[in-house]
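Take a look at the structure below.
Number of protein chains: 2
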Amino acid sequence: MKGLMQDWPLVVTNVLDHAAREHGERELVTRSVEGPIRRTTLKDVYSRAKRVAKALVAEGVKPGDRIATMAWNTDRHLEAWYGINGCGAVYHTLNPRLFAEQLVYIMNHAEDKILFVDITFIPVIEAVYSQFETLEKIIVLTDKENLPESALNLFAYEDWLAAFDDNFDWVKVDENDASGLCYTSGTTGNPKGVLYSHRSNIIHALMVNQGDVLGVKSTDALLPVVPMFHANAWALAFSCPMAGAKMVMPGAKMDGESIYELLDSEQVSITAAVPSVWLMLLQYLEKTGKKLPYLKTVMVGGSAAPRYMIEKFEKNYDVEFLHGWGMTEMSPLGTVCKFKHGMQDMEIDAAIDQKLKQGRVPFTVEMKIVDDTGKELPRDGVATGRLMVRGPAVAKAYYKLDTPIIDADGWMDTGDVANIDELGFMQITDRAKDVIKSGGEWISSIDVENIAVGHPDVSMAAVIGMPHKRWEERPLLIVVPNEGSSVIKESMMEFLDGKMAKWWMPNDMLVVDSIPLNATGKISKLTLRKQFADYKFPDDI
Amino acid sequence: MKGLMQDWPLVVTNVLDHAAREHGERELVTRSVEGPIRRTTLKDVYSRAKRVAKALVAEGVKPGDRIATMAWNTDRHLEAWYGINGCGAVYHTLNPRLFAEQLVYIMNHAEDKILFVDITFIPVIEAVYSQFETLEKIIVLTDKENLPESALNLFAYEDWLAAFDDNFDWVKVDENDASGLCYTSGTTGNPKGVLYSHRSNIIHALMVNQGDVLGVKSTDALLPVVPMFHANAWALAFSCPMAGAKMVMPGAKMDGESIYELLDSEQVSITAAVPSVWLMLLQYLEKTGKKLPYLKTVMVGGSAAPRYMIEKFEKNYDVEFLHGWGMTEMSPLGTVCKFKHGMQDMEIDAAIDQKLKQGRVPFTVEMKIVDDTGKELPRDGVATGRLMVRGPAVAKAYYKLDTPIIDADGWMDTGDVANIDELGFMQITDRAKDVIKSGGEWISSIDVENIAVGHPDVSMAAVIGMPHKRWEERPLLIVVPNEGSSVIKESMMEFLDGKMAKWWMPNDMLVVDSIPLNATGKISKLTLRKQFADYKFPDDI
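Chains as they are written, first to last, in numbering that gives the first Met the number 0: chain G, 0 to 540; chain W, 0 to 540.
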């Protein structure tokens, strides 16, 4: 027997309709790519998104078509997203730091029809434009005055939009229709596309707005430093208009001073970014002695934050530090390290220990850890296993790939290795492919790296598992010394001794000038493994 | 083109699965109907709900069957709900204050198969049992020792449950399948059943857990005084387990002392009830001089709260007073009076003026006011019109009635008359059927009543529109004097003069011993209109 409630679909345009009607005057502040701060409102976003949708329809865009964006977090990028969804099309975010061949592959694979691009990234497009197979039009998110010279046929967004008013009815879509597309930069094989639905975007945004996640309120001002091309800006492009919160968009500038300026002048209460952004901010604050009187919560994801970063925010600046974890395939949010009942009164150092973990799942995300046979492992904070997830905002397959990525019970393998403690707090210990299998036991490459990088003469450390006759694999430590410093193996081993289990100690250390990074700024262990393919441990004869 | 996200249904059992897995040790405290405080956990609710589901299947209950509950807010009532949904059946809540003939009508109309009932209400059932057409079994929510003598064949819940363990797989349902059934006590015609779906219950609970609604956290302790039979206890039966919050269930005792005792001993942070409950609590606090150190938010709905109540909570007890509005047809939440940006710093009296309003819609609820022709009226805080709503947790039809209750665009007429201000804050001014149409303009009967009841000699006041040759209708004021007092028309008119528009002044006043109330404790204007059907205004010759 069916219930008798209304068939009100969970579609993205409903968020913007709500925002315009109930919070129309709420500000949206953008550091424009051209330079000056631009102030608009949610009503403006609505009106301009309608015009974008109308213009796209005039371009011949049909429901389901993919429209690419390569852009910073700005008002224009936001209204383009809603406009794209508003004509039934799919926004496809491009990471401008992708390697050229990946970018070409992705755009051709997605069959992008139109590209919205910021002036900053025109050279990226110019370099590979001739290889695009489906792209019909490039619209630059600026006005005529700021449109750069180019051999390409570029259209200035503001002029393109000028011909259209906002008298437009959103194209009706089903809530299960595709809304967004984002490719993961896989370390092996071609990038794979995650195809978000309207429903998954809405449920994910409601999940993020729960009191125990970010709990966004209309009185909040949010600064999403995390880019919209980085897995939906962690839902903030939907969560903020949903709550009527002020959005503060950082544009192209993420250095400490620029971010501080916005945090302070716009009285930002919640902000979110990867650790490297917060490192720059902390350095700026220390240099200038400035404080963060308005900021309540800083959310960190993308990679694990180091202990000192959490301590500085919590102890020196009285800002709640909130570790999160997720992945493109999860829309992206999986866990947040929000304290439970009984933990509020923890002594600060114990609290920071707990805050180092990636956290617990909010409602709609399910997680478990399993061993190699798929058997669920206990939640004891010790057992580590492959992290499996399930939920309405988790992918079941990649775009145009037939192979499902979930098992018979709907679980997706995250490719991460983690433990979960008795309170349900998860901590990533490694990527499954990076974990070192030594004599049947697992060594976390990340844990060893985090300890090694604490050596006073080391600026960067990577650990990879290398073949070993007796133990199958053993850890090889690769370090970059601080500028002007040098580091020798004996000093490092002495430093590590006592800080980890004996059998976790690297069998050797190599010094290099630099460690390769991938497009998202993480250490590319794949490249490292190739680079050191011929290496043999001295003790492995 | 469809998205490629997981088909994870929004079903009620997913909430309990999440609660047991992620917040299993979180407490549930019940003032048992038998007397003592009982302490269990969310894991216990899960385990016992599994047993309820297994036992119901053994009783032959099939998916879609209606299972009635007539019970206070207790752990047993909660686990019964989840157990009913867990075997695919529909929980049907009965208001024990229903008139006998309504109760019989409702249970026969719903075709209830099994009834879970508290010992308190056995006499209610005994009185009309012979008229039930479909009821097969009565299970009393107690144990053998506390089972009362009765001519009926009663089963003690604990004994009935004892034969079943918790090894049971929830019966799979579709998210659009019915989950709950609640009849509205209409003032005309038979009661009508609102049939909630799993999906509507989940979306509604997520809506309530948004930061700007109740924003429930795992560190919160919630006391739902509002009964589970009163429109889903305002979502709290789902929202609290979803967030892992502690639930404090008041059982049968809602007097000031009993509620205070739980608020204090269980360190309740959020509570919700109709105004009459808070009146009793305030009286108790004033008598004893006690304070509310743990309480952060008191939510009020069901009927409008008077100004002095808001003032006392906010000024004397430093508790956030949160007006809400909704209806059974809305799951029930429609609006909450949560401040927006810019209002936090309002001067306290202006803030309280604003808090008198029913508030603004959170995401997923849409509202508008329209005139008699259906034209939308401005949001200027002045124009009043019929309040129309739309959303995924709003009904589209009543159970077994073919007539849709929504228009072609999906809007449901609430039957309320309201204004909406520029900030989107709605204020109910009357029920549409009670509004007085005088010379083409509307007079709010509620506004006149609220002023009249302020007369020092009056304990209760009702205003109804009576026919008037010149003005079509004019207000007739009916009052009950305070015990030992009397009130004359001239004194009242003098009191009212200057407190309302001249043309709102009642044309006459009658003194009565009592004013009839309906099952939900509201003034029954229908009965009043019948009672005074022959009345003629002295000035209307």
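The beta carbon of each residue, even a glycine, is placed where N, CA and C say it ideally should be.
Item                                                                                                                    : Value
Meets three-Cβ-pair contact criterion under 8 Å: the stretch 375-395 of chain G and the stretch 4-13 of chain W         : yes
Pair within 7 Å by beta-carbon distance, ILE450/G and PRO474/G                                                          : no
Closest by C-alpha distance to CYS181/W, when choosing among PHE237/W, ILE66/W, GLU132/W and SER238/W                   : ILE66/W
Beta-carbon neighbours of GLN426/G, restricted to chain W and to distances below 9 Å                                    : Neighbours of GLN426/G on chain W: none; closest Cβ ~16 Å, over 9 Å.
Span separating the alpha-carbon of ALA251/G from that of MET279/G                                                      : 15 Å
Cβ-based neighbour list, LEU146/W, same chain, cut-off 8 Å, excluding 5 preceding and 5 following                       : ILE118, VAL139, LEU153 and ALA155
CB contact below 7 Å: ASP539/G versus chain W                                                                           : no
Contact between the stretch 326-346 of chain G and the stretch 213-227 of chain W (3+ Cβ pairs under 8 Å)               : yes
Contact with chain W by MET248/G, beta-carbon distance below 7 Å                                                        : no
Assumed close pair VAL11/W, PHE237/W - CB separation to whole angstroms, cut-off 8 Å                                    : 7 Å
For ALA461/W, the residue or residues it bridges with in DSSP                                                           : ILE477/W
At least 3 beta-carbon pairs within less than 8 Å: the stretch 414-434 of chain W vs the stretch 450-460 of chain W     : no
Collapsed DSSP secondary structure at SER196/G in the structure displayed                                               : strand
Rounded separation between ALA500/W and VAL510/W - CA only                                                              : 23 Å
8 Å contact criterion, which SER302/G and SER199/G should meet: CB distance rounded                                     : The pair is not a contact, with the Cβ atoms about 24 Å apart (cut-off 8 Å).
Min CB distance MET326/W to chain G below 7 Å                                                                           : no
Simplified DSSP assignment, three categories, for LYS53/W                                                               : helix
Buried or exposed by the 16-neighbour rule on C-beta atoms within 10 Å, applied to THR287/G                             : exposed
Inter-residue spacing [alpha-carbon to alpha-carbon] between ALA161/G and GLU58/G                                       : 14 Å
Ranges of the beta strand (DSSP E) found wholly within the stretch 267-316 of chain W, counting only runs of at least 3 : 269-272 and 296-299
Inter-residue Cα distance where the pair is GLU310/G and ALA271/W                                                       : 38 Å
Helix, strand or coil at PHE115/G [DSSP, three-state]                                                                   : strand
Limits of the beta strand (DSSP E) - the one that CYS181/G falls within                                                 : 177-183
Identity of the residue in MET246/W, GLY255/W, ALA52/W and ALA242/W nearest MET227/W by Cα                              : MET246/W
LEU153/W - DSSP class collapsed to helix/strand/coil                                                                    : strand
CB contact check: PRO122/W to chain G, cutoff 7 Å                                                                       : no
Opening and closing residue of the alpha helix (DSSP H) in which GLU58/G lies                                           : Careful: GLU58/G lies outside any alpha helix (DSSP H) and carries neither H nor E.
GLU110/W versus THR68/W: straight-line alpha-carbon distance, rounded                                                   : 13 Å
Assigned secondary structure, VAL10/G (DSSP; H/G/I helix, E/B strand, else coil)                                        : coil
Length of the line joining the Cα atoms of LYS367/G and ALA407/W                                                        : 46 Å
Of the residues ILE477/W, GLY63/W and GLY333/W, the one placed nearest ASP173/W, counting alpha carbons only            : GLY63/W
Residues near VAL486/G in its chain [Cβ-Cβ closer than 7 Å; skip 5 each side]                                           : HIS454, ASP456, VAL457, VAL478, PRO480 and VAL510
Proximal residues to ARG389/W (C-beta, below 6 Å), its chain only, five neighbours per side dropped                     : GLU365, GLY409 and TRP410
Test item: CB-CB of ALA242/G and ASN189/G under 7 Å                                                                     : no
Own chain residues within Cβ distance below 8 Å of ILE347/G, not counting five before or after                          : GLU313 and LYS314
Range covered by the alpha helix (DSSP H) that runs through PHE237/G                                                    : 235-242
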